[in-house]
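Undergrad: Quick one: the structure is below, and I'll ask about it shortly.
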Amino acid sequence: MNHDPEVLPRMYFHHQQQQARNMHALRMHMQGSGDSGLVLSTDAKPRLKWTADLHERFIEAVNQLGGSDKIQD
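Here it is, written out as C-alpha cells:
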C-alpha cells in the first residue's frame, strides 16, 4: 500500500477539478436546452422545479411509452 503523504491531496485536487468541469459542462448544457426545471444548488438532494415545459416533456415521454393506460398495466 502506498503511504505517500502527497497522494491524498493530489487525489482531492483532481476530484475538485473534475467536479468543476462537470458543473461547467452542466451549465453549458442548461444554457443550450432552455429551462429544464433543474435548480442548481449546494443541497445534497437535487431539486426540480416543475415547469410547463417540463410537464409537456413528461407527457411526451409517457405517450412514447404507450400512454398512461399502458403504464398502469
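Those letters in the sequence shown? Residues 116 to 188, per the numbering used here, in order. We put the CB at the ideal spot given by N, CA and C, even for glycine.
1) Hey, quick one: how far does the alpha helix (DSSP H) through His159 stretch, first residue to last?
2) Do you know offhand how far Val177's Cα is from Lys164's?
3) Going by DSSP in three states, Leu180 sits in which element: helix, strand or coil?
TA: To lay it out plainly:
1) Note that residue 159 corresponds to Ala in the displayed sequence, not to His. First-last for Ala159: undefined, no H or E at that position.
2) The alpha-carbon atoms of Val177 and Lys164 are separated by roughly 19 Å.
3) In this structure, Leu180 counts as coil in the three-state DSSP scheme.
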